[in-house]
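Protein chains in written order, with our numbering: chain A, 151 to 303; chain B, 151 to 303; chain C, 330 to 411; chain D, 330 to 411. Built from N, CA and C at the ideal position, the CB exists for glycine as well.
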Amino acid sequence: MSYLTGEPIDLTALASRVESAERGGVVTFVGHVRNHHGGRGVRRLEYSAYAPMAEAECQAIVREAELRWPVTVELRHRTGRLDVGDVAVAIAVAGNHRGEAFDACRWIIDEVKRRVPIWKREYYTDGSVAWVDPTAAGGTVPAAEPAEGPGAR
Amino acid sequence: MSYLTGEPIDLTALASRVESAERGGVVTFVGHVRNHHGGRGVRRLEYSAYAPMAEAECQAIVREAELRWPVTVELRHRTGRLDVGDVAVAIAVAGNHRGEAFDACRWIIDEVKRRVPIWKREYYTDGSVAWVDPTAAGGTVPAAEPAEGPGAR
Amino acid sequence: MPESIRVLLFARYAELLGAECVELSAAGPSSVSEVLDRVRTLPGGSALPQSMLCAVNLRQATASDLVAPGDEVALLPPLAGG
Amino acid sequence: MPESIRVLLFARYAELLGAECVELSAAGPSSVSEVLDRVRTLPGGSALPQSMLCAVNLRQATASDLVAPGDEVALLPPLAGG
């Protein structure tokens, strides 16, 4: 089971993996790459991860949700290069009762943001590059490395 | 704009209609046809509607949600014959903030169940047929008509 | 021919009456509850429940709401969408 | 050669140190805060923040947690997943 993926995430396929005869109500959450952040235009971004810990944290979150509510959960988070509009994270939750599926899905995305070691490097339309840092003023910290070589798109 | 549809509902396509540069977080709810109800096996079902009123109620629900929260909403409800596992209803909500998208999506499905004039006729594996009636003991009322002719599947 | 009140029946109520639509001749304004009383006198109408969800011209209505010739009254069994 | 403590650096911290991994020779058990003190003495290490999220062997750890030879310590910049 791998929660991190370098390939595009198919929402319908993910939702169909949780749906069952007992659990016909499915709630999903999808986060897309936006075209702006902190007043700058975003051109693309790169997600990196501490992969073995990120996989372990995702698995722990899914298990905790399935213990806390009568639900079936799927979770995927992209890594690598993403363009504006791409799916960054997707969660699908099937429940016997829709209220539980909503509660679980909301809890899971909060926990993913809180616990999973993933980092986001944003490339802006003005040529600058920064690390997203929710604890920093403005939400980003400038990247130390040069943005991109002349060969980069 | 038509909220009722006789064609299968494509969740990914519906979600992509609400996602935008401003509203990158998308919450969906999908209700599937279950294979059991009230202890009986369900073979298939038929949704009928008071179509003009159902369309008006769906539009009112979407507009009320978009006034109450900063969200963009899509809503589809199937009519006609459905088989087990088919999507009966789908809602997609994109929001600036995910909490608002979750709140709006949950409110919308509750309102659809409460206000939209749609009825469900269930055909069971034991050959019986009933109208779903959430106000009745057991959740159904036997259908008056004969179940199906010899030519029916 | 004077304009009539059109009564729509759905789902189980259509089964009970054996019809999806009946036309009631309208002698002056009437109320939803008067429309229901007249529908109950039709064949199968006595099996209708004591209270029903109703709509007049696509909007939910109560028994005391008025109905005029040309209006469309719908008798709605318990909703089962979603 | 005695077993060392492996320190992983990610994202901005890897940029600051110019490395994604450093090996610290371990002379007996140590704590996370002692590991951080040694990393701060490396080139670029002084730019690391006062407090950091850390993990030992894939689990979040606090500064006082003990670290033994063979352990993997990770310095985690503020998380930005989801």
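- Spanning the alpha carbons of D:Cys-350 and D:Val-402 requires a straight line of approximately 10 Å.
- Residues of chain C whose Cβ lies closer than 8 Å to the Cβ of B:Thr-285 are, in chain order, Pro-407.
- Around A:Ile-259, the beta-carbon contacts reaching into chain B at under 7 Å are Arg-248.
- Rounded to whole angstroms, B:Pro-267 and C:Leu-405 show a C-alpha spacing of 7 Å.
- Around C:Gly-374, the same chain offers Leu-346, Val-368 as residues with beta carbons nearer than 7 Å, after the five sequence neighbours per side are excluded.
- Of all residues in the stretch 340-365 of chain D, the ones placed with a Cβ closer than 7 Å to any Cβ belonging to chain A are Ala-340, Arg-341, Glu-344, Leu-345, in chain order.
- Sixteen is the threshold: since fewer than 16 other Cβ atoms of the shown chains lie within 10 Å of the Cβ of B:Gly-189, the residue is exposed.
- Among the residues of the stretch 198-212 of chain A, those with a Cβ less than 8 Å away from any Cβ of chain D are Ser-198, Ala-199, Tyr-200, Pro-202, Met-203, Ala-204, Ala-206, in the order of the chain.
- Taken in chain order, the complete beta strand (DSSP E) segments of 3 residues or longer contained in the stretch 234-299 of chain B are 237-245, 268-274, 279-282, 290-292.
- Annotation for C:Glu-332: Ala-355, Pro-398, Gly-399 place their beta carbon closer than 7 Å to its own, counting only its chain and skipping 5 residues before and after.
- Nearest in C-alpha terms to A:Ala-165, of all of A:Ala-199, A:Val-243, A:Asp-276, A:His-247, is A:Val-243.
- Closest option to B:Val-176, judged by alpha-carbon separation, among B:Glu-224, B:Glu-205, B:Ser-278: B:Glu-224.
- Within a 10 Å sphere around the beta-carbon of B:Thr-222 sit 16 or more other beta-carbons, which makes this residue buried.
- Every unbroken stretch of the beta strand (DSSP E) spanning 3 or more residues and falling wholly within the stretch 340-403 of chain C is given here in chain order: 350-354, 382-385, 388-390.
- Membership of B:Thr-178 in the beta strand (DSSP E) is indicated by the continuous run 175-182.
- At a Cβ-Cβ threshold of 8 Å, A:Tyr-197 and D:Phe-339 do not count as neighbours.
- Among the residues facing chain A, D:Gly-410 is included, as its CB has a counterpart in that chain under 8 Å away.
- Your pair B:Glu-205 and B:Leu-154 checks out as a contact, with CB atoms roughly 6 Å apart and the cut at 8 Å.
- In this model, B:Ile-259 and B:Arg-226 are separated by some 11 Å (Cα to Cα).
- Nearest C-alpha to C:Tyr-342 among C:Ser-362, C:Leu-387, C:Leu-382, C:Thr-391: C:Leu-382.
- For B:Ile-211, the enclosing alpha helix (DSSP H) starts and ends at 201-218.
- Here A:Thr-162 carries a helix assignment [DSSP, helix/strand/coil].
- For B:Thr-222, the uninterrupted beta strand (DSSP E) segment begins and ends at 221-228.
- Comparing alpha carbon positions, the residue from A:Asn-185, A:Arg-194, A:Val-212, A:Asp-276 closest to A:Thr-229 is A:Arg-194.
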